[in-house]
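> Below is the structure I would like to discuss, written out as structure tokens.
In this note's numbering, the protein residues as written are 13 to 150.
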């Protein structure tokens, strides 16, 4: 075992590494994501939709076969549907699924900056956008 000083250095290095990875994960999308987002917007301009509610709107995008099972992507925080553009463009996924990516309330095109702190309310809004009732059945 190392000395207390060595252990502190080790913990410091680990803490700094975790902090850097966290900041890196929160950084703006890479050029690849931006290119894929532009490609999606050019190929499927009518597949970027908004659902209006009394106090907010929820943006969502879709691609693929609407007659197939849905594959739904929901981003983390921060984020937007653009992080899923690669999957929305994937020809194998589009052939086998209807792919849907949703901007959570307060992010992307869903009233950016006006967040909804309740995960339950976020889930309820997303379920309504997807046409799913609270029983979980379409």
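No residue lacks a Cβ here, since even glycine has one placed at the ideal position from N, Cα and C.
Where do the N-terminal and C-terminal ends of the beta strand (DSSP E) with residue 62 fall, by residue?
Counting along the chain, the beta strand (DSSP E) containing residue 62 begins and ends at 60-64.
> When DSSP labels each residue in this structure, what does residue 69 get in the three-state scheme?
strand
> Nearest CA to the CA of residue 111: which residue from 75, 125 and 62?
75
> Since I believe residue 80 is in contact with residue 109 (beta carbons under 8 Å), could you give me their beta-carbon distance rounded to a whole number of angstroms?
5 Å
> Reducing DSSP to helix, strand and coil, say where residue 85 ends up.
When secondary structure is reduced to three states using DSSP, residue 85 falls in the strand class.
> Determine, using beta carbons only, whether residue 94 and residue 141 come nearer to each other than 8 Å.
Taking 8 Å as the Cβ cut-off, residue 94 and residue 141 do not qualify as a contacting pair.
> Along the beta strand (DSSP E) that carries residue 138, what are the first and last residues, could you check?
Element bounds for residue 138: not the beta strand (DSSP E) but the alpha helix (DSSP H), 131-142.
> Can you look up residue 103 in the DSSP assignment and give me helix, strand or coil?
helix
> Would you list the residues sitting across from residue 113 in a DSSP beta bridge?
73 and 85, per the DSSP bridge assignment.
> Does any residue of chain C have a CB that is nearer than 8 Å to the CB of residue 83?
No chain C appears in the structure shown, which is made up of a single protein chain.
> Once DSSP output is grouped into helix, strand and coil, what is the label at residue 118?
Assignment of residue 118 by DSSP, reduced to helix, strand and coil, places it in the coil class.
> Within 10 angstroms of the Cβ of residue 65, are there 16 or more other Cβ atoms? Answer buried if so, exposed if not.
By the C-beta density criterion, residue 65 is exposed, having fewer than 16 other C-beta atoms within 10 angstroms.
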